Amino acid sequence: MAEDFHKKVSRFVLKSAFCVEYADVYKMLYQSFHGAGHAVQDKKDASDRFWDEWDYVKANEGRIIPMIENLEIPGITPPLARVHLRKYYESGGDPQALLDEFLRTAREFPVYYPSNEVNLHEQFIRAWGVVGVMAERKKPRMSIDGDYRSFTAEMESNGWPVVSHSKLYREKFSPHYRLVMDLKKVTPQGRIDL
27 MAEDFHKKVS
37 RFVLKSAFCV
47 EYADVYKMLY
57 QSFHGAGHAV
67 QDKKDASDRF
77 WDEWDYVKAN
87 EGRIIPMIEN
97 LEIPGITPPL
107 ARVHLRKYYE
117 SGGDPQALLD
127 EFLRTAREFP
137 VYYPSNEVNL
147 HEQFIRAWGV
157 VGVMAERKKP
167 RMSIDGDYRS
177 FTAEMESNGW
187 PVVSHSKLYR
197 EKFSPHYRLV
207 MDLKKVTPQG
217 RIDL
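Note that the numbering used here numbers the sequence shown so that position 43 is 69, with each residue one more than the last.
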């Protein structure tokens, strides 16, 4: 089972072409295991921020990034995806449907998965350890800038907090997205290959 977990997490990390620093890998894993609840402390504020970003992406050019980034690690984390607002807007997506599903995801994302015995936060810390093994082994395609050990020490000493994307990631991709559990509510046939 431990080897299966390691392989699944390794594959998940290696398939992401958008992580440029450890903060980006950490954020991706954090979202996979914790969902979007941290982004919705107040429903009205979250809605206002969504509409502000929606207006921004309508008025500005997007970066080369797919509309959907799958954040599910099969058998380990619940279904979850990032829906990038710029591409969603360009595809004619319904912003209200996306906002509604984002708010539902924030409210209903489980703490335990796939059973009541498996705590997702504990699994997140375990998955972050897999990233450390990958860094030590200098896994092929694991070209992440930064120092895993010092980054991990900082995260652990701060209680494994939510983090922002790295400055380099923000400059390169200008991220504006929302996390959703059910793509069928926001995309045609719930496709993740758009």
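Just so it is clear, CB atoms sit at the ideal spot from N, CA and C, and this is done for glycine as well.
On a predicted model such as this, the values are computed, not experimentally measured, just so you know.
**Request:** Would you kindly work out how many angstroms separate the C-alpha atoms of Tyr195 and Val188, rounded to a whole number?
**Result:** Those two C-alpha atoms are separated by around 16 Å.
**Prompt:** Whose C-beta lies closer than 6 Å to the C-beta of Ile91 among residues of the same chain, with five residues either side of it excluded?
**Reply:** Cβ within range, chain order: His110, Phe199.
**Request:** Tell whether a beta-carbon distance below 8 Å holds between Leu106 and Gly61.
**Result:** Yes, the Cβ-Cβ distance between Leu106 and Gly61 is below 8 Å.
**Item:** Supposed close pair Ser192, Ala49 - CB separation, criterion 8 Å
**Value:** Right, their Cβ atoms sit about 4 Å apart.
**Request:** Please confirm whether Val66 and His202 have their CB atoms less than 8 Å apart.
**Result:** With contacts defined as CB atoms closer than 8 Å, Val66 and His202 fail to qualify as a contacting pair.
**Close Cβ partners of His64 (< 7 Å) along its chain, the five nearest in sequence each way excluded** = Closer than 7 Å at Cβ, skipping near neighbours: Val188.
**Asked** Do Ile170 and Glu95 have their C-beta atoms within less than 8 Å of each other?
**Response** With contacts defined by Cβ atoms closer than 8 Å, Ile170 and Glu95 do not form a contacting pair.
**Request:** Please work out which residues of its chain come closer than 8 Å, Cβ to Cβ, to Asn145, disregarding the five sequence neighbours upstream and downstream, and give them in chain order.
**Result:** Counting only Cβ-Cβ distances below 8 Å, and skipping sequence neighbours, we find Val137, Tyr138.
**Request:** Over the uninterrupted alpha helix (DSSP H) stretch that includes Val109, give me the two end residues.
**Result:** For Val109, there is no enclosing alpha helix (DSSP H); the residue is part of the beta strand (DSSP E) that begins and ends at 107 to 110.
**Request:** Check the C-beta distance from Met160 over to Tyr52 and give it rounded, since I have them as a contact under 8 Å.
**Result:** Between Tyr52 and Met160 the Cβ distance is about 13 Å, and since that is not below 8 Å, they are no contact.
**Beta carbon of Arg204 nearer than 8 Å to that of Leu124** = A contact, by the Cβ cut-off of 8 Å.
**Request:** Give the straight-line distance between the Cα atoms of Val206 and Gly158, rounded to the nearest whole angstrom.
**Result:** CA-to-CA, the gap between Val206 and Gly158 works out to about 28 Å.
**Message:** So if DSSP puts Ile94 in a beta bridge, which residue, or which two residues, is it bridged to?
**Reply:** DSSP, once it has assigned bridges, lists Val109 as partnering Ile94.
**Message:** For Leu97 and Ser58, which I take to be in contact (beta-carbon distance under 8 Å), what is that distance rounded to the nearest angstrom?
**Reply:** Taking the Cβ atoms as the reference, Leu97 lies roughly 5 Å from Ser58, within the contact range of under 8 Å.
**Message:** If I follow the unbroken alpha helix (DSSP H) through Leu125, where does it start and stop?
**Reply:** Start and end: 121 to 134.
**Helix, strand or coil at Val206 [DSSP, three-state]** = Val206 carries a strand assignment under DSSP once its states are collapsed to helix, strand and coil.
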